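Reviewing the structure listed below.
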Amino acid sequence: MNEIIEQNLSLFKCPVCKGGNLHIHSPAAVSCSACGHKYPVHEENILDLLPPSPTSKPAHYQHPLEKSFFDFYYSRFYEDPKKDNERYAWGAPESITPVHLEQKKKLVAQILSAAPSKDKIVCDVTGGAGWLSLPSAKEAKLVINADFEMRNLRYVMRKAKEEKIKNMLFVRADMFASPFPEKSMDIIFCTDTLIYGDYQVRHFLTGITESISAGGSAIVTFHNKRHRLPFRKPYVIGYSLGEIRSILSEIASARFSFESFYQEPVRWVEAFIPPTLYIARISGK
Ligand SMILES: [Zn+2]
20 MNEIIEQNLS
30 LFKCPVCKGG
40 NLHIHSPAAV
50 SCSACGHKYP
60 VHEENILDLL
70 PPSPTSKPAH
80 YQHPLEKSFF
90 DFYYSRFYED
100 PKKDNERYAW
110 GAPESITPVH
120 LEQKKKLVAQ
130 ILSAAPSKDK
140 IVCDVTGGAG
150 WLSLPSAKEA
160 KLVINADFEM
170 RNLRYVMRKA
180 KEEKIKNMLF
190 VRADMFASPF
200 PEKSMDIIFC
210 TDTLIYGDYQ
220 VRHFLTGITE
230 SISAGGSAIV
240 TFHNKRHRLP
250 FRKPYVIGYS
260 LGEIRSILSE
270 IASARFSFES
280 FYQEPVRWVE
290 AFIPPTLYIA
300 RISGK
């Protein structure tokens, strides 16, 4: 494994026993000092902290999209990490439409300006194509690019190499069994992910909220369910601002605020249509 993983193992906890410290077991594995579970390191750079089996599932599904998400999640869980060799990450700039690309750039600019990363430990828990982690790495002390899928991790790793980024770690993580200790991260991103129903949203937000350092913040996005215009994605579960407030009040008490994001390129339309997304900032305790 590479040095950056070796030097930063204290930023992770064992997701199996939910708290054990990790230490180096062999050149290509780490293990938990409490329960002894071993976790492989792939290609020197990707710390694979998936638990041995999925840990979570709703008792019953409230929405067809929720069921399709969990079917997909379970089908990918046991896949051999060597086999997921798709060239592009989900939502990579090379594989989306020009309209979507412009919307994505606008969103990334708004989120990055809300979360300056200078000298911070930044963690994108669902890093995807590295939209936030790659630019954050230019100023951050360390960026942890986490994702459930190897194709996404490999893609961002390749881009980081091309951009000569040296302060980035790659972690295969299951946010139903968060591998991040309490109060460990200065900035946490979770964007375009809280879209598969209450069960997923509450589990992910709980892990995220616990991991924010004192004085740190998490930036998470929700799709607005009142936004139903052309180009609206039909495959996500959205929320009203009132519903988001209610979920965040339960999980993060009163430590949150919002801004709106409009995907439309011109400002004047914002007076007439609802925002596409709500960007929530959750503050650490
Ligand atoms: Zn353990």
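Take any residue in the sequence shown, count from 1 to its spot, add 19: that is its number in our numbering. All C-beta atoms, glycine included, are put in the ideal place defined by N, C-alpha and C. Remember, it's a predicted structure, so these values are computed and weren't measured experimentally.
Any heavy atom of ligand 1 within a distance shorter than 7 Å of the CB on H42? The count along the sequence shown starts at 1 and reaches residue 42 at position 23. Answer for H42: no, Cβ out of range of ligand 1.
For ligand 1, I want to know if A196 counts as a neighbour, meaning its beta carbon is within less than 7 Å of at least one of the ligand's heavy atoms. Numbered from its first residue, the sequence shown carries residue 196 at position 177. Flag unset: Cβ of A196 not near ligand 1.
At which residue ranges does the segment 59-131 contain complete alpha helix (DSSP H) runs of 4 or more residues, listed in the order of the chain? Runs of alpha helix (DSSP H) with 4 or more residues, each lying fully within the segment 59-131, are found at 83-96, listed in chain order.
Do G226 and S197 come within 8 Å of each other at the CB atom, strictly closer than that value? By 1-based counting over the sequence shown, the position of residue 197 is 178. By 1-based counting over the sequence shown, the position of residue 226 is 207. In this structure, G226 lies closer than 8 Å to S197 by Cβ.
Ligand 1 heavy atom lying under 7 Å from the CB of V35: Working through the sequence shown from its first residue, we reach residue 35 at position 16. Within the cutoff, so yes.
So, with DSSP's three-state summary, where would you put F199? In the sequence shown, the residue the question calls residue 199 occupies position 180. F199 falls in the coil class under three-state DSSP.
Quick check: I238 and I298, are their CB atoms within less than 8 Å of each other? As a first step, residue 238 must be located in the sequence shown, where it is residue number 219. As a first step, residue 298 must be located in the sequence shown, where it is residue number 279. It is a contact, given that the beta carbons lie within the stated cut-off.
Check this for me: beta carbons of I301 and D205, under 8 Å apart or not? Position 282 of the sequence shown, counted from the first residue, corresponds to residue 301. Position 186 of the sequence shown, counted from the first residue, corresponds to residue 205. Result no, Cβ atoms of I301 and D205 do not sit closer than 8 Å.
How far does the beta strand (DSSP E) with L296 in it extend, from its first residue to its last? Position 277 of the sequence shown, counted from the start, is the residue given in the question as residue 296. Per DSSP, the continuous beta strand (DSSP E) segment holding L296 begins and ends at 296-302.
Test item: CB-CB of S75 and F208 under 8 Å: Here residue 75 refers to the residue found at position 56 when the sequence shown is read from its first residue. Here residue 208 refers to the residue found at position 189 when the sequence shown is read from its first residue. It is not a contact, given that the beta carbons lie outside the stated cut-off.
Tell me, to the nearest whole angstrom, how far the beta carbon of A134 is from that of V175; I am working on the premise that it is less than 8 Å. In the sequence shown, residue 134 corresponds to position 115, counting from 1. In the sequence shown, residue 175 corresponds to position 156, counting from 1. Contact doesn't hold; Cβ gap of about 18 Å is too wide.
List the endpoints of the continuous alpha helix (DSSP H) containing D217. For the purposes of this step, residue 217 is identified with residue 198 of the sequence shown, where counting begins at 1. Run containing D217: 217-230, per the alpha helix (DSSP H) assignment.
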